[in-house]
Structure formats: C-alpha cells, structure tokens
Amino acid sequence: MVYEALDFYDIDSQLTEEELMVRDMVRDWVEEEVLPKIEEACSEGVFPDEWRVSLGEMGVLGAPLEGYGCPGLSYTAYGVICRELERGDSGLRSFASVQGSLAMYPIWDFGSEEQKQKYLPKMATGELIGCFGLTEPDYGSNPGDMVTRAEDKGDHYLLNGAKMWITNGTTSDLAVVWAKLEGVIRGFIVETGDEGYSAPEMKGKHSLKASVTSELVFQDCKIPKDRILPGVKGLKGPFSCLNNARFGISWGALGAAQACFHSAKEYALSRIQFDQPIASYQLVQNKLSWMLREITKGQLLALELARKKDNGSWIPEHISLAKMNNVDIALDIARMARDIHGANGILDEYCIMRHMANLESVKTYEGTHDIHNLILGRHITGIQSFTRSL
Amino acid sequence: MVEIAVLLKQVPDTNAKIAVVGGRVDESAVTSWVTSPYDEYALEAALQLVEAGGGSITAITLGPMRADKVLKDAAALGVTKLVRIWNDEWLDLDSNQVQSVLAEAIKESGADLVFCGKQSADRNQGSTGPGVAEILGAACVVEVSDFNAAEQFYLRPAASGSEKVTVNYPAVITFTKTESELRRPNVRGIMMSKKAQINLVSSDAGASQVTFKGHTSPAEKPPGKTFEGSDSVPEVVGLLRDEAKVL
Chain G
1014 MVYEALDFYD IDSQLTEEEL MVRDMVRDWV EEEVLPKIEE ACSEGVFPDE WRVSLGEMGV
1074 LGAPLEGYGC PGLSYTAYGV ICRELERGDS GLRSFASVQG SLAMYPIWDF GSEEQKQKYL
1134 PKMATGELIG CFGLTEPDYG SNPGDMVTRA EDKGDHYLLN GAKMWITNGT TSDLAVVWAK
1194 LEGVIRGFIV ETGDEGYSAP EMKGKHSLKA SVTSELVFQD CKIPKDRILP GVKGLKGPFS
1254 CLNNARFGIS WGALGAAQAC FHSAKEYALS RIQFDQPIAS YQLVQNKLSW MLREITKGQL
1314 LALELARKKD NGSWIPEHIS LAKMNNVDIA LDIARMARDI HGANGILDEY CIMRHMANLE
1374 SVKTYEGTHD IHNLILGRHI TGIQSFTRSL
Chain P
53 MVEIAVLLKQ VPDTNAKIAV VGGRVDESAV TSWVTSPYDE YALEAALQLV EAGGGSITAI
113 TLGPMRADKV LKDAAALGVT KLVRIWNDEW LDLDSNQVQS VLAEAIKESG ADLVFCGKQS
173 ADRNQGSTGP GVAEILGAAC VVEVSDFNAA EQFYLRPAAS GSEKVTVNYP AVITFTKTES
233 ELRRPNVRGI MMSKKAQINL VSSDAGASQV TFKGHTSPAE KPPGKTFEGS DSVPEVVGLL
293 RDEAKVL
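Top to bottom, those sequences are chains G and P.
For the first sequence, the working numbering assigns the number 1014 to the initial residue and increments by one for each residue that follows.
For the second sequence, the working numbering assigns the number 53 to the initial residue and increments by one for each residue that follows.
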C-alpha cells in the first residue's frame, strides 16, 4: 500500500524546492526505517537508538535554529519535518520537538556563548540529547506556581524539587530545568551525572509508548554557576520554548491524521460487505469526506501559521489556535478511522489505534486543549480566566 | 583521482499509475518523477569510489526542465558538476540519438569512467551503457552487481557464479542492483544543492533511424479463479506449483 499523502488543495506546491527535498528525505526515512519497526518499539516501550542517530545524520534536530551546527531552515520546513515524523509516530515527533524546540532553543536564545558552543553542535548531531523540565507533579497548567527551587550557594546553585512527564528524561545527557531562584523563574542546565540528580522512567503508559517519559528528581543537586541561562527571567523563558514546540505539534498532528485517513480510505475500498466495498456506502463516504475537509482546513491553518512564523507576524494565540484545532481534528479523525476499520482497527497491523492513543496525550500536553481555549478567550475578551479568587 | 560521469535518467515513479495515450505514455499525467532505480546504484558506486580514492563526479541527465530534479538530488549528496542536455525541438529521440548526445556531454566532462544503470525503469532497453561505450571507444562492463571502491574491481553475475573484473580507462560500467543502496541526503546537503549550478547543453542529435509505427497494449489478464472449501486445497496447491510456479 503505497502512501499517498492527502493534499487536496495541493498545498505542498506552496513549498520551496528545498522544503520539498527535506519533506521527501524525512518521508522516505520514516517509510523505510520507522514504520517497519514502530509496533515493536511500542510493544517494548523503547525509542530505538538508531532513530536518534538517523535524525542527527539527517540534520533535522534544531532545524530552524541557525549557527552552532544548526541548519537554519525555515519554520515551514520545520513544520513539514514534524508532519512527516508524526505520520510515523507522535513519539518520534515528540523526541525531535523536545530536542529542538525545548532543549536546544532555550540554550540558543538565552544561553551564554560558552553554553551555545558547548552543547548545540553536539545536540544538532544527536550526540547529546536534551530534555525540558517545567511540569511538576502538582503544577501542570499553572507552571508559575512551581515549587522547584534553586539556591545560590556562592560557588554553585543547589536545586531541590521534582519534574514530571518529561519526554527523553531518562535517556538525556542534559536537562533544561526551570526553577525559582529568589522567587524568579530561571533556566538551569543540569547534566546527567550531576550530584543529586536522577531521572527515573515512568512506566505503564498506554500512549506514546515508543517515547521515553520520565520524572526528574533534584535532591540537593549541585549545579555549577555557569549553568544558569543568563538571557531570560520569568515564564517568558519556558513559554518561548513551548511556542515553538506547539507550532511543531500543529503540523505534526496533521501527519498522524493523514496516516489515519490514508489507512481508512484504503481499507474502505478493499473491505467488502453486502457484496460491495464499504467505501461505496454513503455513511462511510460521509466520514471520509469529513476527514478530508478537516485535514485540508488544518493544512491551510498550519501553512499560514508557518508563514507568520517565518515573517515574524505571529502571536502566541495564533499558535494556540493551530495546536488546539489540529490535534483536536487529528484525534477525531483517528477515532473515525478506527470506526471505519471495524474490529481490524484495534490491531497493530494498522496504525489507527496507535495514533489514536498517542493523540490522546498530544491533546493535553504542551498546553491542554482547554487551556488553549482559555488563551483564545483571554485574547477575545481581554479577561484572564485561568485563576479567580474563591 | 578519477573523473566519473554518472548518467541519471528521470522516469515516472515506479509506484505511480501511468496512462497511455496515442500509443505513448502520457507524460503530462505523470504525477511523480524519480531517478531511475538502477542509476541510483551507479551514483552510489561513484560516490564511494571518489570517497575511497579522490576525484570528482559529473551528473548528466537528458531531459526537459523537470529533469533538473535528479541533478539537484545528486547535488544534495555532494555532486558538484551537473549537466542537463536538452533541446526543445527534441520530441522523441531514438536510442542512437540518446547515446550520441550523452557521449558528447561525457567527452566535454573529461570523464575517465562512466557509470549508469543497466537499463532504465521506463523503457527497459538496456542500450545506453553499451551504446555510449561504442561511441566513446571505451571498454564496457555490464550488469555489475558488486564492487570494491578501494581496489576498484567489479563483480558481475556469470553462469558459474560471479566474475571479478578490473578495467582500463576509458570505461563504461552499467550497474544492476547492488548491496549499496543510494545514501539518504541530509539537510546540509539539501541546502548546498540550492546553490548548485546546472549547466544546460545541447548538441546535434542527428536524424532518427527509427520510426514509431504504433503500439499494442498487452492482453487483458484473465479473470481470477475462486476456490471455496478445504476440498479445493490440493487443486490450489497444484495450480500454484504447476501453473503459477510460485511454490
């Protein structure tokens, strides 16, 4: 079954030659190296190390960053990379998102020259893997209330606290950790092997099974003074990273949706019931038409957002809308595709159930669906609704 | 140090549906074009030879502007000299004409070695490599299935196993499927390819010696057979063994 990416409005014709070549490179890699192994990776609950190596060799980690070994591709190209990776699996795209947008980006934007030179070239090649510690066990949507603390001890900082739901945590060489120093949120680079730092893996997930998810624990963790990110204070730091990651998700979710649509279409054309392919029945055609409609709208949204990212005319609310909408429709498309596949849809022979389970996580990470709604609500009304006095 | 010319042909994607109109493939209906797969093996061999012993590669294609894509793809892998041969008045060159204009471009490139696929994925004629060798007065080794880049010897299937050959320059080598799949590009290579210059050339193709008289489609496949019940197993096995010859 040759993959034909749904592109009803020929949106990819808007891409540059370079962006198309990057698309083809990642699409071929996913087809040849990821899809034959993804179900086994999920069943074993591992992220195969050869994928890290290949992503580094292809040069797609930190793709939109420029300098320090990073290629400086357009944000449109970065979106296309995310779309093609997530067509393989959301866990794969998550790995690249966290490495590029959440770990490399803050060092690139807020780090010292020494930090940039030390970490970024090796992170771009995948030799060093990073993670991002913001969410805590009791503070998810409200990270401003985080309890992880840093103390200035003269010749070092001392970190205490814990982070949770950290992609790549256990396998990372370094973590960009956000903690309060004298009441102000600051970014710190914690290296594996730092005294008082551990990153136990979280087990038992029914979603993102081919992705490593961890806790980060800091117990009197000593950090050298030169590991604080000097260029940012407050929530602006982590939110800047999240904007880039959410942008990638808005494209990535379309990859998962396109994979589900493709499978559903092929299945509907080949599955015979009452002597006819089920694709000939109006109820099934209605579902396929709805999928096509929503994917096409999502593609237009993602492309226009990418143009805004590339020309600098974006605002965070644009990203909230695209992340929220495209994950929402992708999850609905996965559920509908499962319906079209009937009982077969639950088998690992098809990608449907895996994408559906993954998207359940994607819907609530990097800003939940509801929080993005509230961000838009605040933008419309000017009234903050996240908190209220009781 | 060796100068290698690699001949790359752009063909309809082997997975794509094609339509035949007026006895010819309707190129305007082809949605996806790719580098002919055997040519990819030739390109990978050339890359490995240059990596092992130095030298340079000229990628040459014959075709309209859309064929620039195969050259850009080669540029993304590090090929710096790119040549496209075309004349808008060429409608349908025959094999001799193709070999003639390719040989002219190869001479211009100064190549000692010419690598290409054993046949293209669209016409499957297998005439380009030997034909170019004839015009160039070069040695020709066909259907190479393996090679050693460091020692520059080639293996090709023979009736009793495989032959190991070396060859004096100038030479034309045609490749069948080898163990060395064409490497994947990376972002840096893709960005470099954006700056790569394609040299557009043309030459006198001469008059065609072949006249196309018509086309006959292959016979319709007979309808499939349906078998039901376990009693039919022996018959199915017999047909698969004796008729389909897949067992």
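Positions of the beta carbon are idealized from the N, C-alpha and C atoms, including for glycine.
Please read these numbers as outputs of a predicted model, since none were measured by experiment.
Rounded straight-line distance, which links the Cα of residue j to that of residue i
| i | j | result |
| --- | --- | --- |
| residue 189 (chain P) | residue 237 (chain P) | 35 Å |
| residue 1374 (chain G) | residue 1271 (chain G) | 18 Å |
| residue 1085 (chain G) | residue 53 (chain P) | 34 Å |
| residue 1223 (chain G) | residue 1066 (chain G) | 16 Å |
| residue 155 (chain P) | residue 199 (chain P) | 24 Å |
| residue 1317 (chain G) | residue 164 (chain P) | 50 Å |
| residue 179 (chain P) | residue 194 (chain P) | 10 Å |
| residue 1324 (chain G) | residue 1200 (chain G) | 28 Å |
| residue 1249 (chain G) | residue 168 (chain P) | 56 Å |
| residue 1399 (chain G) | residue 1091 (chain G) | 31 Å |
| residue 1198 (chain G) | residue 1246 (chain G) | 6 Å |
| residue 209 (chain P) | residue 281 (chain P) | 45 Å |
| residue 1298 (chain G) | residue 1277 (chain G) | 11 Å |
| residue 55 (chain P) | residue 227 (chain P) | 18 Å |
| residue 142 (chain P) | residue 1136 (chain G) | 50 Å |
| residue 92 (chain P) | residue 1219 (chain G) | 42 Å |
| residue 1050 (chain G) | residue 1072 (chain G) | 21 Å |
| residue 98 (chain P) | residue 171 (chain P) | 17 Å |
| residue 1115 (chain G) | residue 1109 (chain G) | 9 Å |
| residue 85 (chain P) | residue 250 (chain P) | 18 Å |
| residue 1290 (chain G) | residue 1014 (chain G) | 17 Å |
| residue 1117 (chain G) | residue 1062 (chain G) | 19 Å |
| residue 1151 (chain G) | residue 1213 (chain G) | 18 Å |
| residue 298 (chain P) | residue 292 (chain P) | 6 Å |
| residue 1103 (chain G) | residue 101 (chain P) | 39 Å |
| residue 1268 (chain G) | residue 1024 (chain G) | 14 Å |
| residue 217 (chain P) | residue 1036 (chain G) | 40 Å |
| residue 1313 (chain G) | residue 1134 (chain G) | 34 Å |
Backbone secondary structure at residue i - three-state DSSP
| i | result |
| --- | --- |
| residue 1043 (chain G) | helix |
| residue 204 (chain P) | coil |
| residue 1294 (chain G) | coil |
| residue 1266 (chain G) | helix |
| residue 1375 (chain G) | helix |
| residue 1260 (chain G) | helix |
| residue 295 (chain P) | coil |
| residue 1370 (chain G) | helix |
| residue 169 (chain P) | strand |
| residue 272 (chain P) | coil |
| residue 1277 (chain G) | helix |
| residue 209 (chain P) | strand |
| residue 1089 (chain G) | helix |
| residue 232 (chain P) | coil |
| residue 249 (chain P) | coil |
| residue 66 (chain P) | coil |
Nonlocal neighbours in the same chain, by C-beta distance under 8 Å from residue i, ignoring five residues either side
| i | result |
| --- | --- |
| residue 1274 (chain G) | 1019, 1301, 1304, 1305, 1308, 1346, 1350 |
| residue 1331 (chain G) | 1318, 1321 |
| residue 127 (chain P) | 111, 134, 241, 244, 245, 248 |
Close Cβ partners of residue i (< 7 Å) along its chain, the five nearest in sequence each way excluded
| i | result |
| --- | --- |
| residue 146 (chain P) | 260, 261, 262 |
| residue 149 (chain P) | 257, 258, 260 |
| residue 1076 (chain G) | 1084, 1086, 1090, 1091, 1094, 1113 |
| residue 1235 (chain G) | 1169, 1171, 1207, 1208, 1209 |
Neighbourhood of residue i by C-beta, 6 Å cutoff - its chain only, sequence neighbours within 5 removed
| i | result |
| --- | --- |
| residue 1106 (chain G) | 1095, 1098, 1099, 1265 |
| residue 1230 (chain G) | 1175, 1211 |
| residue 270 (chain P) | none |
| residue 1384 (chain G) | 1154 |
| residue 1359 (chain G) | 1366 |
| residue 88 (chain P) | 61, 63, 169, 172, 173 |
Contacts of residue i in chain A (Cβ-Cβ under 8 Å)
| i | result |
| --- | --- |
| residue 246 (chain P) | Judged by its chain identifiers, the structure shown contains no chain A, and its protein chains are G and P. |
- Taking three-plus beta-carbon pairs below 8 Å as touching, is the segment 1335-1346 of chain G in contact with the segment 1306-1315 of chain G? These segments touch.
- Message: Please give the ranges of any beta strand (DSSP E) in the segment 1115-1153 of chain G, keeping only runs that are unbroken, at least 3 residues long and fully inside the region.
- Response: 1143-1146
- Message: I'd like the ranges of any beta strand (DSSP E) spanning at least 3 consecutive residues and lying wholly in the segment 1173-1197 of chain G.
- Response: 1187-1194
- Is the segment 1377-1388 of chain G in contact with the segment 1358-1368 of chain G, if contact means three or more CB pairs nearer than 8 Å? no
- Would the segment 1205-1212 of chain G and the segment 1041-1053 of chain G be scored as touching if the rule is three or more Cβ pairs under 8 Å? Short answer: they don't touch.
- Task: Flag this pair as touching only if the segment 1276-1294 of chain G and the segment 1157-1170 of chain G have three or more C-beta atom pairs under 8 Å; answer yes or no.
- Result: no
- Message: Closer than 8 Å is the cut-off here; do at least three beta carbon pairs connect the segment 1162-1170 of chain G with the segment 1124-1132 of chain G?
- Response: no
- Query: Quick one: complete alpha helix (DSSP H) runs, 4+ long, within the segment 1194-1258 of chain G?
  - Reply: none
- Item | Every unbroken alpha helix (DSSP H) within the segment 78-115 of chain P, with a cutoff of 4 residues, ordered by chain | 89-105
- Query: Do three or more CB pairs link the segment 59-73 of chain P to the segment 113-120 of chain P at distances below 8 Å?
  - Reply: yes
- Counting pairs of Cβ atoms below 8 Å between the segment 1185-1194 of chain G and the segment 1131-1147 of chain G, do you hit three or more? yes
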